[in-house]
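Inspection log for the structure reproduced underneath, given as structure tokens.
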Amino acid sequence: MGVTQLPGLLDTEAIRKDFPVLDRVLHDGKKLVYLDNAATSQKPRQVIDALSAYYERHNSNVHRGVHVLAEEATALYEGARDKVAAFVNAPSRDEVIFTKNASESLNLVANMLGWADEPYRVDRETEIVITEMEHHSNIVPWQLLSQRTGAKLKWFGLTDDGRLDLSDIEQVITEKTKIVSFTLVSNIMGTVNPVEAIVRRAQDVGALVLIDASQAAPHMVLDVQALGADFVAFTGHKMCGPTGIGVLWGRQELLEDLPPFLGGGEMIETVSMHSSTYAPAPHKFEAGTPPIAQAVGLGAAVDYLTSIGMERIARHEHALTEYAVKRLLEVPDLRIIGPTTAEDRGAAISFTLGDIHPHDVGQVLDEQGIAVRVGHHCARPVCLRYGIPATTRASFYLYSTPAEVDALVDGLEHVRNFFG
Amino acid sequence: MGVTQLPGLLDTEAIRKDFPVLDRVLHDGKKLVYLDNAATSQKPRQVIDALSAYYERHNSNVHRGVHVLAEEATALYEGARDKVAAFVNAPSRDEVIFTKNASESLNLVANMLGWADEPYRVDRETEIVITEMEHHSNIVPWQLLSQRTGAKLKWFGLTDDGRLDLSDIEQVITEKTKIVSFTLVSNIMGTVNPVEAIVRRAQDVGALVLIDASQAAPHMVLDVQALGADFVAFTGHKMCGPTGIGVLWGRQELLEDLPPFLGGGEMIETVSMHSSTYAPAPHKFEAGTPPIAQAVGLGAAVDYLTSIGMERIARHEHALTEYAVKRLLEVPDLRIIGPTTAEDRGAAISFTLGDIHPHDVGQVLDEQGIAVRVGHHCARPVCLRYGIPATTRASFYLYSTPAEVDALVDGLEHVRNFFG
Amino acid sequence: MYQDVILDHYKNPHGRGLRDGDAEVHHVNPTCGDEITLRVRYDGSRIADVSYEGQGCSISQASASVLNELLVGKELAEAQRIQGTFLELMQSRGQIEPDDAMEEVLEDAVAFAGVSKYPARVKCALLSWMAWKDATAQALAGGTDAERKTA
Amino acid sequence: MYQDVILDHYKNPHGRGLRDGDAEVHHVNPTCGDEITLRVRYDGSRIADVSYEGQGCSISQASASVLNELLVGKELAEAQRIQGTFLELMQSRGQIEPDDAMEEVLEDAVAFAGVSKYPARVKCALLSWMAWKDATAQALAGGTDAERKTA
Ligand SMILES: Cc1ncc(COP(=O)(O)O)c(C=O)c1O
Ligand SMILES: Cc1ncc(COP(=O)(O)O)c(C=O)c1O
Chain A
5 MGVTQLPGLL DTEAIRKDFP VLDRVLHDGK KLVYLDNAAT SQKPRQVIDA
55 LSAYYERHNS NVHRGVHVLA EEATALYEGA RDKVAAFVNA PSRDEVIFTK
105 NASESLNLVA NMLGWADEPY RVDRETEIVI TEMEHHSNIV PWQLLSQRTG
155 AKLKWFGLTD DGRLDLSDIE QVITEKTKIV SFTLVSNIMG TVNPVEAIVR
205 RAQDVGALVL IDASQAAPHM VLDVQALGAD FVAFTGHKMC GPTGIGVLWG
255 RQELLEDLPP FLGGGEMIET VSMHSSTYAP APHKFEAGTP PIAQAVGLGA
305 AVDYLTSIGM ERIARHEHAL TEYAVKRLLE VPDLRIIGPT TAEDRGAAIS
355 FTLGDIHPHD VGQVLDEQGI AVRVGHHCAR PVCLRYGIPA TTRASFYLYS
405 TPAEVDALVD GLEHVRNFFG
Chain B
5 MGVTQLPGLL DTEAIRKDFP VLDRVLHDGK KLVYLDNAAT SQKPRQVIDA
55 LSAYYERHNS NVHRGVHVLA EEATALYEGA RDKVAAFVNA PSRDEVIFTK
105 NASESLNLVA NMLGWADEPY RVDRETEIVI TEMEHHSNIV PWQLLSQRTG
155 AKLKWFGLTD DGRLDLSDIE QVITEKTKIV SFTLVSNIMG TVNPVEAIVR
205 RAQDVGALVL IDASQAAPHM VLDVQALGAD FVAFTGHKMC GPTGIGVLWG
255 RQELLEDLPP FLGGGEMIET VSMHSSTYAP APHKFEAGTP PIAQAVGLGA
305 AVDYLTSIGM ERIARHEHAL TEYAVKRLLE VPDLRIIGPT TAEDRGAAIS
355 FTLGDIHPHD VGQVLDEQGI AVRVGHHCAR PVCLRYGIPA TTRASFYLYS
405 TPAEVDALVD GLEHVRNFFG
Chain C
2 MYQDVILDHY KNPHGRGLRD GDAEVHHVNP TCGDEITLRV RYDGSRIADV
52 SYEGQGCSIS QASASVLNEL LVGKELAEAQ RIQGTFLELM QSRGQIEPDD
102 AMEEVLEDAV AFAGVSKYPA RVKCALLSWM AWKDATAQAL AGGTDAERKT
152 A
Chain D
2 MYQDVILDHY KNPHGRGLRD GDAEVHHVNP TCGDEITLRV RYDGSRIADV
52 SYEGQGCSIS QASASVLNEL LVGKELAEAQ RIQGTFLELM QSRGQIEPDD
102 AMEEVLEDAV AFAGVSKYPA RVKCALLSWM AWKDATAQAL AGGTDAERKT
152 A
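Those sequence lines, one after another, are chains A, B, C and D. Our numbering numbers the first residue of the first sequence as 5 and each following residue consecutively. Our numbering numbers the first residue of the second sequence as 5 and each following residue consecutively. Our numbering numbers the first residue of the third sequence as 2 and each following residue consecutively. Our numbering numbers the first residue of the fourth sequence as 2 and each following residue consecutively.
Below, the structure is given as structure tokens:
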């Protein structure tokens, strides 16, 4: 098969050399075709080396140390905060909180609001708004908060083509709404949501807005100021960074006003047995030894992505998504769950293939070296909404190529023949 | 200076070769003498390599994947759980929960008890018991729980020689006590606490027991069954493992009965917009993408420690502590805060040096390449108790040597001369 | 892992469809959405029928078909022995190479040996067997309906 | 970082002890426990006295001594200029190499230039200066007592 040329593609030949795992050969001779990037991305050599260098040369606990290693580790850790702040255009580095993953970031906000004083407090008089396309990590924390406070949980439904149905926005977001939490990009359907309309309505009624940018931060320019939200959450492992680290960005006044979540070392100002006072943000929300090496690794990931350029990465993925949608729709019996064009969509594409169960699709693709994810992708309400038990999801990243799209399409043909 | 021979020492010459950072040379020619192990330990090559190998060959999100990488990553992650379970002699691997650090483990228990049903529920009728020598991470979560539920927070005080004062145990732990949480080994004074007496009294009144083993797991045989506690918390980075991972062990019945903490992916059984059910432990308490690489690294750390043998490590540190206490007491004006013998004490030794401020002690030691920690060590109530602003703390590990003790003592002489 | 025997059962399932029974159960594998509704009918201690409806992957569907073929007509004790052997094989993580004795007990079901290497798929293969065990317990206890989830 | 000038001030502090003042403040550096109680007395806009008691490391103690030496007798505007220059130096992360002009303003206080390379110690050096600023604000506003923490 010849090399497909699409406008806007990155030099994947060069980029792929940075990712050791992409050389893997599976099942006696099948080259790995890694199309599970929405679950987690692969890591470039630059990130792996930054982790090793940290542990081999600079490892120490951070803050308050007066020895060389402690100062180096602190500078590296806080330097990573600077990098992440710049990456998302945060007005202040102190607005960047390191968590363990996006799930913790989302839970952190839910918990802060549950324990907050007025005007932020979520209680039985108030309402929480999410959407039907959220990842479980942006559903369950709000269900728990709703159960524990008595607040009412509401959500936006979905249109048949995988978009948010905002036709009833005035009924969903009301004067009672305290918080609106939604995903910028759907991890199952790839849908990119209309932030501005939602933020505007939320601001009109004085509700806070939390944006789950887990599937956006890796793939596009993320500018927290342009988004206009109050909080933005994302996760390191999907954006070339290590596992074990997430980010919560929050507006400084809010971080000052809201109560802490986890208590412990690092987050305090002064402790006596009778009472404690808390350090200013971000430390107030970082109890215990932070993910030091992981922050350093995330900093290296941000450097890596920035060196290529988020705009160029977005353009690459857009071109590839456009191609993939087109080619997938050529496969008989294939139904895309979600937008069927590349407009306002990210590079995660879910589909069903006749009545062949996604487990079987995924397994037979795996036998050909093609890694996709099958199941409900932690977004089971979407499957319920479209009346399907599960989907097969192929998702692309900066190192993905048109040839890999072709391999997927060929693989699906093989699946059809196998179970035909 | 000749090589000091003490009975029970490990072959540190061989061991030190495993730790790349120990080769570092600071300030134009001073060899690093790393005596800040209670803050965090250094990492052996074996752990650093396990992390790199994971990212270079096997990286994938875990669970539910049907492709090779997902299966490998899952096997590695769950294999790490098996290793940790064996390391602490857990009756079941499903009792081992991976968290982000010990602080999260401790907060997890506090939060579970705040949201639990009877008979576990902590509320205004009930009492929480801790001690005056806890790390802030085992104080602040209970202060928060007490503020939020109205439960009364009580604690054991300290004797002049740095031991728990259990003389009033019957008044401190009462029928109203729901939870007793205390540290097995003090991070500031090194004190090893009498577990059995406390557990017995707690069981008599039907209170749960949480043991903070952060300073124990790295240094001695930890057998959760022998301890008789209900929960045991510890942290990866102090035991040769990576940052970004902690452990909570809990008794299976309790993990079944108690409510979840963070909500999200991985911790659910089934989700609809209206309600969700939760997976069985340990997954119920592991929301979101877990610290996969960090678990793999912790597994490698556990393998490393086990290959040397926890009993032998304990013996090594005991011999070194005995030597260090003896030599430190020879330094004029040096006052040890905590036990002044090596009996029932770990390898963290805090002291004051006349009225030279610990910051100055630490800084001048650093100029000689000696890394100690200065300050309140996240245990400010201990400093208040002994009427001191801060201490200097030297803490040892399996790679520490008598020569390093000697270097410390020489360094302190230099400090005295400098400020004398 | 996709042995021809498995594909045959998947494409041409035995005894599919719901018929009269002494007890009915509904099992779901929440991680992948596989579902089965299964009824058993006993004639004394002899299995007169196992009928079922379900949706799911080839492994779970084929496994239900194999179960029907193997168990219908058997005495309960014999069926339990077969179920036990199948469970053992599936939990072997690819470590058991079925011998002649096992093949005699399991017949077509030995084709699932390869599935045991794939932890994510073992639950699929076991879904109908767990449902059968549950339905049998209910039938013997008096036949009340119940809905259960297989974790 | 331990310049002889710093050690001299540490061992032989200037103007230590609490004397009459128009305002008193108590500042604590919670991360290391350094404390200072500081009083200022003004004679119109001239600093008549800065008296203090404290405990802490050599850097915080020497810094208070230098402050006393530098500011007592100065006009407020001049003192504020000195304070501003010292703050700038301390926040320079070792990037400022004091020139003659700076040395003229700061006198002994230039010895702290090396401290600015150690983030953990910068707060120690600034403790008394922040306390002085606070006490001055209070003295000018009428001299109420207050307890504050320096974060
Ligand atoms: C006794 C004790 N408990 C808890 C902790 C908290 O551990 P981490 O900072 O890893 O959460 C520490 C160490 O910092 C400790 O020494
Ligand atoms: C949209 C979205 N939100 C949240 C998450 C949770 O991220 P993590 O698992 O790293 O906590 C994910 C990914 O799993 C996601 O895709």
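Cβ coordinates follow ideal geometry from the N, Cα and C atoms, glycine included.
Check                                                                                                                     : Outcome
Contact list for A:Thr293 against chain D, beta-carbon separation under 8 Å                                               : Ordered by position in chain D, no residue passes the 8 Å Cβ test against A:Thr293, which lies about 16 Å from the chain.
Residue-level contact to chain B via CB, A:Lys47, 8 Å cutoff                                                              : yes
Minimum Cβ-Cβ distance from A:Pro385 to chain B less than 8 Å                                                             : yes
Best match in B:Thr293, B:Arg349, B:Ser404 for proximity to B:Ser45 [C-alpha to C-alpha]                                  : B:Ser404
Residues of its chain near C:Val123, where Cβ-Cβ distance is below 8 Å and the 5 sequence neighbours each way are ignored : Met91, Gln92, Val116, Ser117
A:Ser218: CB within 7 Å of a non-hydrogen atom of ligand 2                                                                : yes
Extent of the continuous beta strand (DSSP E) run through B:Val251                                                        : 250 to 254
D:Leu90 (DSSP reduced to helix, strand or coil)                                                                           : helix
Check whether B:Ala285 and B:Asp98 have beta carbons under 8 Å apart                                                      : yes
Extent of the continuous alpha helix (DSSP H) run through A:Ser311                                                        : 296 to 312
DSSP beta-bridge partners of B:His67                                                                                      : Answer by DSSP bridge pairing: none, since B:His67 is not bridged.
Cβ pair count under 8 Å reaching 3, the segment 358 to 372 of chain B against the segment 285 to 304 of chain B           : no
beta-carbon B:Ala297 near ligand 2 non-hydrogen atom, thresh 7 Å                                                          : no
Same chain, Cβ closer than 6 Å to C:Asp109, five either side skipped, listed in chain order                               : Val6, Val67
Neighbour flag for B:Val144 against chain A, beta carbons, 8 Å                                                            : yes
Nearest to A:Val113 (by Cα), restricted to the options A:Gln9, A:Glu273, A:Asp261                                         : A:Asp261
Minimum Cβ-Cβ distance from B:Gln367 to chain D less than 8 Å                                                             : yes
Closer than 7 Å: B:His139 CB and nearest ligand 1 heavy atom                                                              : yes
Separation of C:Gly57 from C:Glu76, as counted between CA atoms                                                           : 29 Å
Residue from A:Asn41, A:Ser185, A:Gly194, A:Gly12 with nearest C-alpha to A:Ser109                                        : A:Ser185
Nearest residue (CA-CA) to B:His278, options A:Thr103, A:Val100, A:Leu157, A:Phe355                                       : A:Leu157
Cβ pair B:Ile312, B:Leu14 closer than 8 Å                                                                                 : yes
Pick from C:Leu39, C:Glu98, C:Ala102, C:Asp101 that is closest to C:Gln62, judged by C-alpha positions                    : C:Leu39
Selected residue, minimal CA-CA separation from B:Leu80, among B:Ala94, B:His322, B:Asn65, B:Thr130                       : B:Asn65
Ligand 1 heavy atom lying under 7 Å from the CB of B:Gly373                                                               : no
B:Trp159: contacting residues in chain A (beta-carbon distance under 8 Å)                                                 : Met277
Contacts that A:Thr3 makes with chain D (C-beta to C-beta distance below 7 Å)                                             : In the structure as shown, chain A starts at 5 and stops at 424, and residue 3 of chain A therefore has no counterpart that could be examined.
Three-state secondary structure (DSSP) of B:Asn2                                                                          : Nothing about residue 2 of chain B can be reported from this structure: the residues present for chain B run from 5 to 424 only.
Short CB-CB distance (under 8 Å) between B:Val70 and chain A                                                              : yes
Proximity of C:Asp113 and C:Ala132 at Cβ, strictly below 8 Å                                                              : Note that residue 113 of chain C is Phe in the sequence shown here, rather than Asp. No, they are not a contact pair.
Proximal residues of chain B, C-beta to C-beta of C:Ala121 below 9 Å                                                      : His67, Arg68, Gly69, Val70, Ala74, Glu75, Thr78
8 Å Cβ cut-off: residues of chain B touching A:Glu136                                                                     : Met277
One or two residues paired with D:Val158 in a DSSP bridge                                                                 : Chain D is shown only over 2 to 152; residue 158 of chain D falls outside these bounds and no answer can be derived.
Cross-chain neighbours of D:Met2 in chain B, by beta carbon under 8 Å                                                     : Gln367
Helix, strand or coil at D:Arg122 according to DSSP, with G and I counted as helix                                        : helix
Residues of its chain near B:Glu76, where Cβ-Cβ distance is below 6 Å and the 5 sequence neighbours each way are ignored  : His62
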